[in-house]
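**Student:**
Residue numbers (the UniProt record's numbering): 1 to 315.
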């Protein structure tokens, strides 16, 4: 509970055990061969080894590796992006198939330079993954597209299994933490997704340790529920570099457990909360029952036609 600067020694519960095994290294080489970016690497996610090696999940970052925004918590580089790569959706889909992923998260850098915020490429990526690997469930994590709801319809037309958009922090700290993004615009985006696709689970994420209070966190949960958000993840903010915001304090695992209990009591269908939890942590467990059954049906059909026995048929 004591306040600490990020450059000071982290608590024991934030130490990460590296597991660069054969499976992890294979996936890393595949990403480079296909010239693909992953937020797992770009954002220095602490769970990359578990997700890639054990859970058969990965988070692809499309629309290039350069973001048009400069959020003060994020490690992704900022600048003027390159031209769109319309071959990227097929490369992502091929990689999902080769990797044998059961769940994939597709996110992107913010592309405020594009009229549709990159929605067309996003949608095409989802469609091609669905075509190549019908049994893989897909979660999308776009920017707010600056409130362009026509582009949101384009995106939702591809039929993702989960729609994720992160508010990142509490209302009071939004201007300090997030560049260009607005707290209420993010909430409105999540609300409109439910209008377009009522049966699609919606999801958001909150970082802690930036100076927020417990009361503000509870208020943020209430705001998300008021906009029909189903799933919330809560994790510890970790300063990527000295140029980014300092950590105001580290939350103890017991505090995360309490926040999880509060979230579930407010009606969220699923909550992941913990020091190393990130937006896509255990994302494969959060799909709806209908999406899970679609995957199981596909994989059982694959067993029958290929003669190969598969495990992990359930979420």
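Glycine included, each C-beta is placed from N, C-alpha and C at the ideal position.
Please read all numbers here as calculations on a predicted model, not as lab measurements.
Taking the C-alpha atoms as reference points, what is the distance between residue 58 and residue 215?
**Tutor:** 33 Å
**Student:** Cα separation between residue 166 and residue 33?
**Tutor:** Rounded to whole angstroms, residue 166 to residue 33 spans 30 Å at the Cα level.
**Student:** Residue 99 to residue 132, Cα distance in whole Å?
**Tutor:** For the pair residue 99 and residue 132, the Cα-to-Cα distance works out to about 12 Å.
**Student:** Would you be able to state if there are at least three C-beta pairs under 8 Å between the stretch 192-203 and the stretch 150-169?
**Tutor:** yes
**Student:** Do residue 78 and residue 112 come within 9 Å of each other at the CB atom, strictly closer than that value?
**Tutor:** no
**Student:** Where does residue 139 land, buried or exposed, given buried means 16+ other C-beta within 10 angstroms?
**Tutor:** buried
**Student:** Please work out which residues of its chain come closer than 6 Å, Cβ to Cβ, to residue 185, disregarding the five sequence neighbours upstream and downstream, and give them in chain order.
**Tutor:** 144, 147
**Student:** Determine the direct distance from the alpha carbon of residue 233 to that of residue 201, and round the result to whole angstroms.
**Tutor:** 13 Å
**Student:** Between residue 190 and the rest of its own chain, which residues show a CB-CB distance below 8 Å, the 5 nearest in sequence each way excluded?
**Tutor:** 163, 165, 202, 204, 224, 227, 228, 229
**Student:** Starting from the Cα of residue 11, find the closest Cα among 259, 265, 253, 264 and give me that residue.
**Tutor:** Ranking 259, 265, 253, 264 by CA distance to the CA of residue 11 puts 253 first.
**Student:** For residue 270, report the span of its beta strand (DSSP E) as first-last.
**Tutor:** 270-274
**Student:** Check each candidate in 272, 80, 141 and name the one with the smallest Cα separation from residue 125.
**Tutor:** The residue among 272, 80, 141 with its C-alpha nearest the C-alpha of residue 125 is 141.
**Student:** Output the distance between the C-alpha atoms of residue 13 and residue 73, rounded to the nearest integer angstrom.
**Tutor:** Cα to Cα, the separation comes out at about 21 Å.
**Student:** Tell me which residues share the same chain as residue 274 and place their Cβ nearer than 6 Å to its Cβ, disregarding the 5 neighbours each side in the sequence.
**Tutor:** Within the same chain, residue 274 has close Cβ partners 256.
**Student:** What is the DSSP secondary structure of residue 255, reduced to helix, strand or coil?
**Tutor:** Shown here, residue 255 sits in a helix according to DSSP, grouped into three states.
**Student:** Pick from 85, 121, 272, 244: whose alpha carbon is nearest that of residue 71?
**Tutor:** 244
**Student:** Give me the residue from 76, 168, 179 with the minimum Cα distance to residue 277.
**Tutor:** Here the closest residue by C-alpha is 168.
**Student:** Please name the residue or residues paired with residue 107 in a DSSP beta bridge.
**Tutor:** 61, 141
**Student:** What residue range does the alpha helix (DSSP H) around residue 164 cover?
**Tutor:** Not the alpha helix (DSSP H): residue 164 falls in the beta strand (DSSP E), residues 162-164.
**Student:** For the alpha helix (DSSP H) containing residue 128, name the first residue and the last one.
**Tutor:** Where residue 128 is concerned, the enclosing alpha helix (DSSP H) starts and stops at 119-132.
**Student:** For residue 120 and residue 135, I'd like the C-alpha separation in whole angstroms.
**Tutor:** 22 Å
**Student:** Using DSSP bridges, identify the partner residues of residue 206.
**Tutor:** 168, 234
**Student:** I think residue 62 touches residue 88, with their Cβ atoms under 8 Å apart; what is that distance to the nearest whole Å?
**Tutor:** 6 Å
**Student:** When you measure from the CB of residue 71 to every non-hydrogen atom of the ligand FMN, does any distance come out below 8 Å?
**Tutor:** This structure lacks the ligand FMN, and indeed carries no ligand of any kind.
**Student:** Could you check what DSSP says for residue 66 in three-state terms: helix, strand or coil?
**Tutor:** In this structure, residue 66 counts as coil in the three-state DSSP scheme.
**Student:** In the DSSP assignment, the alpha helix (DSSP H) including residue 154 goes from what residue to what residue?
**Tutor:** 149-156
**Student:** Under 8 Å by Cβ, that's how I've got residue 324 and residue 90 pegged, so tell me the actual separation to the nearest angstrom.
**Tutor:** Examination of residue 324 is not possible in this model, given that the chain is present from 1 through 315 alone.
**Student:** Could you pull the start and end residues of the alpha helix (DSSP H) that residue 266 belongs to?
**Tutor:** Run containing residue 266: none; DSSP gives neither H nor E here.
**Student:** According to the neighbour-count rule (16 or more other Cβ atoms, all chains shown, within 10 Å of its Cβ), is residue 102 buried or exposed?
**Tutor:** buried
**Student:** Looking at the structure shown, is residue 174 part of a helix, part of a strand, or coil, going by DSSP?
**Tutor:** helix
**Student:** Buried or exposed: which applies to residue 161, given that a residue is buried once 16 or more other Cβ atoms fall within 10 Å of its Cβ?
**Tutor:** buried
**Student:** Going by C-alpha distance, which of 260, 238, 122 is nearest residue 60?
**Tutor:** 122
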